[in-house]
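Positions 1 to 443 (the numbering used here) are the ones given, in order, by the sequence shown. We treat Cβ as the ideally placed atom computed from N, Cα and C, and that holds for glycine. To keep things clear, I will list the structure first and then write my remarks on it.
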Amino acid sequence: MNDSKLAIFNGNKSIKEHDSDIFSWPVVTSEDETEVLKVLRRGGAISGFDITDKFENEYKNWQESKFALAHSSGTASIQAAMFGLKIGHGDEIIAPSVTYWASLLPVYSLGGTVVFSDIDEKTLCIDTNDILNKISKNTKAIVVVHYCGHPADLDEILKIAKEHNIFVLEDVSHAHGALYKNKKVGTFGDVACASLMSGKSLMAGEGGMLTTNNLEIYERAIAWGFYRKNNEKIQTEYLKDSLHLPLGGYKYRINQMCSALGRVQLRNYDKRMINIQKAMNYFWDGITNLSGIIEHRPEKKSKSTMGGWYSPHGIYNKYELGELSINTFCKALRAEGIEDCHPGVNKPLHQHSLFQSIDIYNQGKPTRIANARRDVRIKDKNLFKSNDICNKTFSIPWFKYFDKEIIDQYINAYKKVCDNYELLLEIDNDSNINNGSWGLTAL
Ligand SMILES: *Cc1c(COP(=O)(O)O)cnc(C)c1O
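Quick look at the structure:
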């Protein structure tokens, strides 16, 4: 009887004490420790490429691409991929405003700029209709982010890219191993990048993997930040004039302890991912019909998946709950014991001064327009869905394995809060809303 009273009003919590293992991530076992220690005990050969070569080989087989190049971070791999696509002075990339900054910010350092596209409210990925509004004769590439694991609308994006002769860079940092219509994301665009930092669903401690089927893109990325690999093996004719030094002036190789760790993590990833998928799909099946909640996952019949479900979120429809604010909704869920239920995702990047007013390189103008052939900021004015998205999304638990008893408690918490929303309206206080953050992980 008492159990139906909301915990925020001193009722019993829906979530009882349980094994916190179900949320632990990353999973590090003695297998990881052994392989990392082996590297640590090699003396000078901690540096170098031999273990990284193995990691790259295994990764490219897993990713089903021809080439893989391991970087020190996902951010570095994205900058290298942009150089691979020959993005330079005055070039524009089109990217969603709602993403982690590293998806697009490296374009500044190449002398290019960004035109923001709005997002789709269902997938939370780039809105393909808005891409068409943002294309100009300066557009070089579209950056696609499979946001919080959800595959973007790749069919449509590839069609637009082909029609307009522009490249596609896939940022798969949220969606390692996710499928789009039964095929792995990261294999659709001209080049793909994946962060491997430890908060991501596939991790190597720190690192970023660039993958492509295109030899020239691969070799340009090598030439950019890998002076040792920029050697006689390079086959692209014009790159042979600049061997032995890095064109970018960067040194981007990954730490080999991370490569060793990444190899073990990769070996174990598919089975862990399947456990996550089973748990998360069971959870969504349990709450998807509740008023106020819209699922963030592809339809089953699409044969698309959410990969390792990095940073899972739900979409909130306040109109089904008497316009209850998302902040009070989340607060009630936290009271039930869902500790990290918070409103918001990444804040829309176009709202940050770095994309409006900051002159990073002393060019006498904000970098975003100093690097452009026109004032691309005026294109920000229709980003309505991006502007509002932090008031329409909330974090949901990231279960790492299926345990019906535990997950059912969480499902019941959502049911209880949604069923009793009218009581919450009485304490709803909408002021001081500042939802979302510039980075999704706290690391
Ligand atoms: C984490 C992340 C990156 C950057 O990767 P790092 O390894 O942290 O440099 C890029 N894009 C997205 C979407 C990310 O979430």
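Exercise for review: Please confirm whether valine 145 and aspartate 171 have their CB atoms less than 8 Å apart.
Suggested key: Along the sequence shown, read from residue 1 onward, the residue named residue 145 stands at position 145. Along the sequence shown, read from residue 1 onward, the residue named residue 171 stands at position 171. Yes. Within cutoff.
Practice item. Confirm the yes/no value for this check: CB of serine 97, any heavy atom of ligand 1, distance under 7 Å. Key: As a first step, residue 97 must be located in the sequence shown, where it is residue number 97. Exclusion of serine 97 from the 7 Å shell around ligand 1 follows from its C-beta lying no nearer than that to any non-hydrogen atom of the ligand.
Check your understanding: Closer than 7 Å: is that where the CB of tyrosine 180 sits relative to any heavy atom of ligand 1?
Key -> Translated into the one-based positions of the sequence shown, residue 180 becomes position 180. Checking every heavy atom of ligand 1 against the Cβ of tyrosine 180, none is found closer than 7 Å.
**Study point:** Beta-carbon gap between serine 103 and isoleucine 254 smaller than 8 Å
**Key:** Numbered from its first residue, the sequence shown carries residue 103 at position 103. Numbered from its first residue, the sequence shown carries residue 254 at position 254. Taking a C-beta distance under 8 Å as the contact criterion, serine 103 and isoleucine 254 do not qualify as a contact pair.
Practice item. Compute every distance between the C-beta of serine 145 and the non-hydrogen atoms of ligand 1, then say whether any falls below 7 Å. Key: Counted from its first residue, the sequence shown places residue 145 at position 145. It should be pointed out that residue 145 corresponds to valine in this sequence rather than to serine. For valine 145, the Cβ falls inside the 7 Å cut-off from some heavy atom of ligand 1.
**Study point:** Residues near phenylalanine 9 in its chain [Cβ-Cβ closer than 8 Å; skip 5 each side]
**Key:** Counting from one through the sequence shown, the residue named residue 9 turns up at place 9. Cβ within range, chain order: Leu423.
Review point. In or out: asparagine 371 buried (at least 16 other Cβ within 10 Å) or exposed?
Key: Here residue 371 is taken as the residue at index 371 of the sequence shown, counted from 1. Counting Cβ neighbours within 10 Å, asparagine 371 comes out buried, since at least 16 surround it.
Point to revise | Cα-Cα separation, asparagine 435 to phenylalanine 402 | key: By one-based count along the sequence shown, residue 435 stands at place 435. By one-based count along the sequence shown, residue 402 stands at place 402. A direct Cα-Cα distance of roughly 30 Å separates asparagine 435 from phenylalanine 402.
Practice item. Closer than 6 Å by C-beta to tyrosine 250: which residues in its own chain qualify, once you throw out the five before and the five after it? Chain order, please. Key: On the sequence shown, residue 250 is found 250 positions in, with the first residue counted as 1. Correct list, in chain order: Gly225.
Exercise for review: Given a cut-off of 8 Å, decide if proline 298 and proline 151 are closer than it, judged by their beta-carbon atoms.
Suggested key: On the sequence shown, residue 151 is found 151 positions in, with the first residue counted as 1. On the sequence shown, residue 298 is found 298 positions in, with the first residue counted as 1. Yes; because the gap between Cβ atoms is below 8 Å, this pair is in contact.
Check your understanding: At what residues does the beta strand (DSSP E) containing phenylalanine 67 begin and finish?
Key -> Walking along the sequence shown from the start, residue 67 turns up at place 67. Taken as a continuous stretch (DSSP letters only), the beta strand (DSSP E) holding phenylalanine 67 covers 67-71.
Check your understanding: So, are the CB atoms of asparagine 187 and lysine 60 less than 8 Å apart?
Key -> On the sequence shown, residue 187 is found 187 positions in, with the first residue counted as 1. On the sequence shown, residue 60 is found 60 positions in, with the first residue counted as 1. A quick correction: the sequence has threonine, not asparagine, at residue 187. Cβ atoms of threonine 187 and lysine 60: not closer than 8 Å.
Review point. What's the call for glutamine 356, buried or exposed, on a 16-neighbour Cβ count within 10 Å?
Key: The residue labelled residue 356 in the question sits at position 356 within the sequence shown. Exposed, because fewer than 16 other Cβ atoms sit within 10 Å of the Cβ of glutamine 356.
Review point. Can you name the residues that DSSP bridges to alanine 192?
Key: Within the sequence shown, numbered from 1, the residue matching residue 192 stands at position 192. For alanine 192, the beta-bridge partners assigned by DSSP are Glu170, Thr211.
Review point. How would you call asparagine 289, buried or exposed, if buried means at least 16 neighbouring beta carbons within 10 angstroms?
Key: Stepping through the sequence shown from its first residue, residue 289 is reached at position 289. Label assigned to asparagine 289: exposed.
Point to revise | threonine 497 to valine 168 span [Cα, whole Å] | key: Missing from the structure shown is residue 497; the chain here goes from 1 to 443 and no further.
Check your understanding: Does any CB atom of chain D fall closer than 8 Å to the CB of threonine 99?
Key -> Annotation note: the requested chain D is absent from the structure, which comprises a single protein chain.
Point to revise | Sequence-distant residues of the same chain with beta carbon closer than 8 Å to methionine 257, five excluded per side | key: Taking the sequence shown and counting its residues from 1, the one referred to as residue 257 is at position 257. Excluding sequence neighbours, methionine 257 sits near Val36, Val39, Leu40, Ile46, Gly205.
Practice item. Would you tell me roughly how many angstroms separate the C-alpha atoms of asparagine 2 and lysine 415, rounded to the nearest one? Key: Indexing the sequence shown from 1 puts residue 2 at position 2. Indexing the sequence shown from 1 puts residue 415 at position 415. Bear in mind that the predicted position of asparagine 2 carries a pLDDT of just 49, short of 50, making it too unreliable to give a figure here.
Review point. Which residue from Gly112, Asp50, Tyr180, Ile142 puts its Cα closest to that of tyrosine 361?
Key: As a first step, residue 361 is located in the sequence shown; it is residue number 361 there, counting from the start. Nearest Cα to tyrosine 361 within the set Gly112, Asp50, Tyr180, Ile142: Gly112.
Review point. What first and last residue would you give for the alpha helix (DSSP H) that runs through histidine 164?
Key: As a working note, residue 164 is residue 164 in the sequence shown. Looking at the DSSP string, the run of the alpha helix (DSSP H) that includes histidine 164 is 154-164.
Practice item. Could you give the DSSP three-state label for glycine 322: helix, strand or coil? Key: Translated into positions along the sequence shown, residue 322 becomes position 322. Here DSSP, grouped into helix, strand and coil, assigns glycine 322 to coil.
Check your understanding: Going by C-alpha distance, which of Lys66, Thr139, Leu6, Asn420 is nearest isoleucine 166?
Key -> As a first step, residue 166 must be located in the sequence shown, where it is residue number 166. The residue among Lys66, Thr139, Leu6, Asn420 with its C-alpha nearest the C-alpha of isoleucine 166 is Thr139.
Check your understanding: With respect to 7 Å, is the separation between the Cβ of aspartate 91 and the closest non-hydrogen atom of ligand 1 below this value?
Key -> Looking up residue 91 in the sequence shown gives position 91. Between ligand 1 and aspartate 91, a heavy atom-to-CB distance of less than 7 Å is absent.
Check your understanding: What's the call for threonine 34, buried or exposed, on a 16-neighbour Cβ count within 10 Å?
Key -> Start at 1 with the first residue of the sequence shown, and residue 34 comes out as number 34. The residue is exposed, with fewer than 16 neighbouring Cβ atoms inside 10 Å.
**Study point:** Where arginine 228 falls, given that 16 or more other Cβ within 10 Å makes a residue buried
**Key:** Counted from its first residue, the sequence shown places residue 228 at position 228. In this structure arginine 228 is exposed. Its beta-carbon is surrounded by fewer than 16 other beta-carbon atoms within 10 angstroms.
**Study point:** Per DSSP, the bridge partner or partners of glycine 314
**Key:** As a first step, residue 314 is located in the sequence shown; it is residue number 314 there, counting from the start. In the DSSP assignment, glycine 314 forms a beta bridge with Phe394.
Point to revise | serine 457 - partner residues in DSSP beta bridges | key: Residue coverage of the chain in this structure runs from 1 to 443, which leaves residue 457 outside it and unanswerable.
Check your understanding: For isoleucine 293, is the classification buried or exposed, using 16 other Cβ atoms within 10 angstroms of its Cβ as the cut-off for buried?
Key -> As a first step, residue 293 must be located in the sequence shown, where it is residue number 293. Answer is buried; the Cβ neighbour count reaches 16.
Point to revise | Presumed contact (8 Å Cβ cut-off) between isoleucine 87 and alanine 141, rounded CB distance | key: Locating residue 87 in the sequence shown gives position 87, where the first residue counts as 1. Locating residue 141 in the sequence shown gives position 141, where the first residue counts as 1. Yes, isoleucine 87 and alanine 141 are in contact; Cβ-Cβ is about 6 Å, under 8 Å.
**Study point:** Three-state secondary structure (DSSP) of methionine 197
**Key:** Taking the sequence shown and counting its residues from 1, one reaches residue 197 at position 197. Methionine 197 falls in the strand class under three-state DSSP.
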